[in-house]
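Heads up, the thing below is written out as structure tokens.
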């Protein structure tokens, strides 16, 4: 069965500093990988996705992620964090089956210091 | 930009009552999903729906749960007899039926509180 691990429950970063959120997955085949962001009281917004091809993918809001098959990782990065990036971030892996259900990690809550 | 909508945003119900959570997926999407997030826990898959039938369901999705697409726009989740442990945020999601388009778009959620 597929699984996703986000080792960091909380991360605090200063505004303007860089951010990296870790994600490790377990899946038997080539995974479909996603990062979603959830602001307080909001739904899940898709930041970026990886299906195939270039292993460095760009997303919205200045985020990028790199797929590393050898490490089973899909870490999310942003060079310079803004106060509005304070939110909870979820990594997810999608099955290559008809239903394509998503399996989510536990999430990482990001706090941004002024 | 098209988006998934859900109603109500918050539902309070008594244990044993039936609830129906409603979702309007993005109009050209054909795959529909329900997920839930118990407070402080992971987002969990409940069910996927395609071509008017369930394509996959989790072990959480027992006989108390059902889904329906009653018309061309709505997608509903029914819980027949709610339990305290059904209290959670329920998210609806949808995606296109198109090659290389596997991303799911989520609604804002319905917070269900069972008392």
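Protein chains in written order, with this note's numbering: chain L, 13 to 126; chain F, 120 to 234.
Idealized CB from N, CA, C, for every residue including glycine.
**Study point:** Coil, strand or helix - residue 125 of chain L by DSSP
**Key:** strand
Review point. Just the Cα atoms here: how many angstroms apart are residue 122 of chain L and residue 22 of chain L?
Key: 6 Å
Check your understanding: Mind checking residue 112 of chain L: buried by the 16 CB within 10 Å criterion, or exposed?
Key -> buried
Point to revise | residue 68 of chain L burial status per 10 Å Cβ neighbour count (16 or more: buried) | key: exposed
Check your understanding: Can you tell which of L:72, L:53, L:82 has the C-alpha that lies nearest to the C-alpha of residue 9 of chain L?
Key -> With chain L covering only 13 through 126, there is no way to say anything about residue 9 of chain L.
Check your understanding: So with Cβ pairs under 9 Å, would you call residue 75 of chain L a contact of chain F?
Key -> no
Point to revise | Of the listed residues L:52, L:24, L:58, nearest to residue 116 of chain L (C-alpha basis) | key: L:58
Review point. Which residue spans inside the region 31-88 of chain L form an unbroken alpha helix (DSSP H) run of at least 4?
Key: none
Practice item. Assuming residue 177 of chain F and residue 163 of chain F form a contact by the criterion Cβ under 8 Å, report the distance between their Cβ atoms to the nearest whole angstrom. Key: 7 Å
Practice item. Using a Cβ cut-off of 7 Å, pull out every chain L residue sitting near residue 219 of chain F, in sequence order please. Key: 63
**Study point:** Exposure of residue 167 of chain F, with buried meaning 16 or more beta-carbon neighbours within 10 Å
**Key:** buried
Point to revise | residue 109 of chain L: first and last residue of the uninterrupted beta strand (DSSP E) it sits in | key: Taken as a continuous stretch (DSSP letters only), residue 109 of chain L belongs to no beta strand (DSSP E), as it is neither H nor E.
Practice item. Please determine if the region 142-156 of chain F and the region 185-205 of chain F are in contact, where contact requires at least 3 C-beta pairs separated by less than 8 Å. Key: yes
Practice item. Please name the residues in the region 39-67 of chain L whose beta-carbon is closer than 7 Å to at least one beta-carbon of chain F, in chain order. Key: 44, 46, 54, 55, 56, 58, 61, 63
**Study point:** Any C-beta of chain L under 9 Å from that of residue 74 of chain F
**Key:** The structure shown does not extend to residue 74 of chain F, since chain F spans only 120 to 234, so no value can be given for it.
Check your understanding: Less than 9 Å separating the beta-carbons of residue 227 of chain F and residue 55 of chain L?
Key -> yes
**Study point:** Beta carbon of residue 137 of chain F nearer than 9 Å to that of residue 197 of chain F
**Key:** yes
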